[in-house]
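Undergrad:
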Amino acid sequence: MSDTVISSLSQEKQQPLDAAVDHPAPDKHSSPAVLPLCWGHRGASATFPENTLCSFEAAIKDGAEGIESDVHISSDDVVLMFHDPSLERTTDGEGKIACLPYLGGIDAIRTLKAPHQKIPTFDETMDMLMLKENQHVVFNIDCKPNNDPERLFKLIKASIARFEDHSSLLSPRLILGLWHPKFLEPSTRLLPSLRKAYIGNSPSMAKKYFWDTCEGFSMKFSCLVGWEGLAFREDCKRAGKSLLVWTVNDRQEMIEACKWGVDAILTDKTADYLTLRQEMKDDWSAVTAETSALFPYSSIHYNGLVSWFWGKLDSYLLSRSWGPFHPMTTQ
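Anchor point for the sequence shown: position 29 equals 29 in full-length UniProt numbering, and the numbering is continuous, going up by one each time.
This is how it looks when you write it as structure tokens:
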């Protein structure tokens with residue numbers, strides 16, 4: 001792995017991250033020098049209940065080098081690993097997380113999907129990451145825009161500070177995923193040692209509001225296929241910015257992302273991508289032949305104009321719901 005990727009995504013001494021994609025110098029049948037890392041999107045969520053410890057552990061057992069998960073805060077200031085602001089879609093509970101206590105409330109709720117699991121806290125997740133066997137794993141914290149940045153980052157800071165050696169063994173492996181620029185200044189001030197990555201589907205918004213302050217960009221796959229996405233991919237390579245792509249569960253999309261040379265693929269199907277990555281390492285030419293130059297025309301979702309429209313719409317909805325977009329300012 002290149003020094004740029006290691007410095008922006010992980011610890012300098014994390015050999016397992018490098019070794020996972022290490023292979024001989026390429027010939028006509030072998031892959032490039034680097035293949036994208038595997039990050040479990042909400043863990044190994046195609047098989048296990050999303051955003052649970054068992055899902056995270058399964059992804060790590062599959063061989064994933066990173067995990068992505070989401071955070072919300074309960075009414076009693078407990079940071080929880082959960083995607084939605086409300087409980088109904090994935091659990092036997094109901095109501096908004098922000099309005100419910102964890103202790104004596106959310107802690108009794110279980111996932112609808114088996115094996116039925118509790119909602120993990122951020123503390124419990126950090127405890128898992130600090131186990132010796134997991135100290136190579138990168139963790140991407142998706143900071144949902146409905147969170148209060150000050151409150152969230154102070155709670156995250158306190159959780160990390162529980163570990164005496166957090167500055168060397170934990171903080172370098174944590175990445176703050178940010179949708180809205182209102183999170184940039186508080187994250188820089190309260191969590192200066194944690195790297196930041198924009199999350200979204202608008203290359204133009206990424207360049208305008210996040211380019212100078214984020215080390216990485218976590219982009220929806222479809223927005224990187226068309227003309228705007230191609231230009232953004234090239235800009236990231238020139239600037240040494242890490243490029244992550246989500247949520248890639250389709251084999252052909254996985255192959256395309258590998259051809260692009262992204263740094264990490266976020267997928268619900270960690271075992272499937274890792275199997276494909278091995279196939280590509282063994283015979284790059286045969287596997288990459290499964291997709292052609294016609295791939296961008298295989299779905300309306302890949303159309304550059306369509307992707308541009310959805311990016312603009314999402315940015316509008318974010319600004320309408322959580323405040324206008326302004327470039328980061330510092331005192």
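Quick reminder that beta carbons are idealized off the backbone N, C-alpha and C, glycines included.
Keep in mind the model is a prediction, meaning the values are calculated, not measured.
(1) Identify, in the order they occur along the chain, each residue of the same chain with its Cβ nearer than 7 Å to the Cβ of Ser7, setting aside the five sequence neighbours on each side.
(2) Could you name the residues that DSSP lists as bridge partners for Arg195?
(3) Please name the residue or residues paired with Asn134 in a DSSP beta bridge.
(4) DSSP state of Lys269, grouped into three classes?
(5) May I ask you to report which of helix, strand or coil DSSP gives Phe82?
(6) Are the segment 198-209 and the segment 154-168 touching by the rule of at least three beta carbon pairs closer than 8 Å?
(7) Is His72 helix, strand or coil when you go by DSSP?
(8) How is the alpha helix (DSSP H) around Met254 delimited, first residue to last?
(9) Closer than 8 Å by C-beta to Leu103: which residues in its own chain qualify, once you throw out the five before and the five after it? Chain order, please.
(10) For His207, collect the residues of the same chain with a Cβ closer than 8 Å to its Cβ; drop the 5 residues on either side in sequence, then sort them by chain order.
(11) Can you have a look at Arg162 and say buried or exposed, based on whether 16 or more other CB atoms are within 10 angstroms of its CB?
(12) Tell me which same chain residues have a C-beta within less than 7 Å of the C-beta of Glu150, skipping the five on either side of it?
(13) Does DSSP classify Val248 as helix, strand or coil?
(14) Would a check of beta-carbon distances place Thr267 closer than 7 Å to chain C?
(15) In this structure, how does DSSP classify Phe163 when only helix, strand and coil are distinguished?
(16) In its own chain, which residues sit with a C-beta less than 7 Å from the C-beta of Arg110, not counting the 5 before and 5 after it?
(17) May I ask you to report which of helix, strand or coil DSSP gives Gly66?
(18) Is it the case that the Cβ atoms of Leu100 and Ile106 are separated by a distance below 7 Å?
(19) Taking just the CA atoms, how far does Gln252 sit from Glu290?
(20) Among the residues of its own chain, which have a CB less than 6 Å from the CB of Ile175, if the five just before and after it don't count?
(21) Helix, strand or coil for Ser202 per DSSP?
(22) Using CA coordinates, which residue listed in Thr270, Arg277, Phe153, Lys269 is at the minimum distance from Gly261?
(23) Express the C-alpha separation of Ser319 and Pro327 in angstroms, rounding to a whole number.
(24) Provide the residue span of the beta strand (DSSP E) that contains Gly229, from first to last.
(25) Can you tell me which of the three DSSP states Tyr316 falls into?
(26) Is the Cβ-Cβ distance between residue 332 and Gly43 less than 7 Å?
TA: The short version:
(1) Taking the sequence shown and counting its residues from 1, the one referred to as residue 7 is at position 7. Residue confidence is low: Ser7 scores 41 on pLDDT, short of 50, so the model does not pin down where it sits. Its coordinate-derived value is still stated next. Cβ neighbours of Ser7 within its own chain (closer than 7 Å, five residues either side excluded): none.
(2) Sequence index remark: in the sequence shown, residue 195 carries index 195 (1-based). Per DSSP, Ile175.
(3) For the purposes of this step, residue 134 is taken as residue 134 along the sequence shown, with counting starting at 1. Answer is none; Asn134 lacks a bridge partner.
(4) Looking up residue 269 in the sequence shown gives position 269. Of the three classes helix, strand and coil, the one that applies to Lys269 here is coil, per DSSP.
(5) Here residue 82 is taken as the residue at index 82 of the sequence shown, counted from 1. Phe82 falls in the coil class under three-state DSSP.
(6) With contact defined as three or more Cβ pairs closer than 8 Å, the segment 198-209 and the segment 154-168 are not in contact.
(7) Translated into positions along the sequence shown, residue 72 becomes position 72. DSSP places His72 in strand when its eight states are reduced to three.
(8) Translated into positions along the sequence shown, residue 254 becomes position 254. Start and end: 251-260.
(9) Taking the sequence shown and counting its residues from 1, one reaches residue 103 at position 103. For Leu103, same chain residues with a beta-carbon under 8 Å away, outside a window of 5 residues either side, are Asp76, Val78 in chain order.
(10) The residue labelled residue 207 in the question sits at position 207 within the sequence shown. His is not the amino acid found at residue 207; the sequence shown has Lys there. Phe232, Asp235.
(11) Numbered from 1 along the sequence shown, position 162 holds the residue referred to as residue 162. Residue burial is scored here from C-beta neighbours: Arg162 has fewer than 16 other C-beta atoms within 10 angstroms and is therefore classed as exposed.
(12) For the purposes of this step, residue 150 is taken as residue 150 along the sequence shown, with counting starting at 1. Listed in chain order, the non-local C-beta contacts of Glu150 below 7 Å within the same chain comprise Pro186, local neighbours out to five positions each way being set aside.
(13) Counted from its first residue, the sequence shown places residue 248 at position 248. In the three-state scheme derived from DSSP, where H, G and I count as helix and E and B as strand, Val248 is classed as coil.
(14) No chain C appears in this structure, which consists of one protein chain only.
(15) If you number the sequence shown from 1, residue 163 lands on position 163. Note: Phe163 maps to coil in three-state DSSP.
(16) For this step, residue 110 is matched to residue 110 along the sequence shown. Sequence-distant Cβ neighbours of Arg110 in its own chain, meaning closer than 7 Å and more than five residues away, are Thr91, Asp92, His116, Gln117, Lys118.
(17) The residue you call residue 66 lines up with position 66 of the sequence shown. The answer is strand: DSSP assigns Gly66 an E or B state.
(18) The residue labelled residue 100 in the question sits at position 100 within the sequence shown. The residue labelled residue 106 in the question sits at position 106 within the sequence shown. Judged by beta-carbon spacing, Ile106 lies within the 7 Å limit of Leu100, meaning their Cβ atoms are closer than that value.
(19) Taking the sequence shown and counting its residues from 1, the one referred to as residue 290 is at position 290. Taking the sequence shown and counting its residues from 1, the one referred to as residue 252 is at position 252. Taking the straight line joining both Cα atoms gives about 7 Å.
(20) Locating residue 175 in the sequence shown gives position 175, counting from the first residue. Asn140, Arg195, Ala197.
(21) Your numbering for residue 202 matches position 202 in the sequence shown. Coil.
(22) Locating residue 261 in the sequence shown gives position 261, counting from the first residue. Comparing alpha carbon positions, the residue from Thr270, Arg277, Phe153, Lys269 closest to Gly261 is Arg277.
(23) Against the sequence shown, residue 327 aligns to sequence position 327. Against the sequence shown, residue 319 aligns to sequence position 319. Pro327 and Ser319: Cα-Cα distance of roughly 13 Å.
(24) Numbered from its first residue, the sequence shown carries residue 229 at position 229. It is not in any beta strand (DSSP E) - Gly229 instead sits in the alpha helix (DSSP H) that spans 227-239.
(25) Locating residue 316 in the sequence shown gives position 316, where the first residue counts as 1. Looking at Tyr316 - three-state DSSP - the assignment turns out to be helix.
(26) This structure cannot settle anything about residue 332, because the visible part of the chain is limited to 1 through 331.
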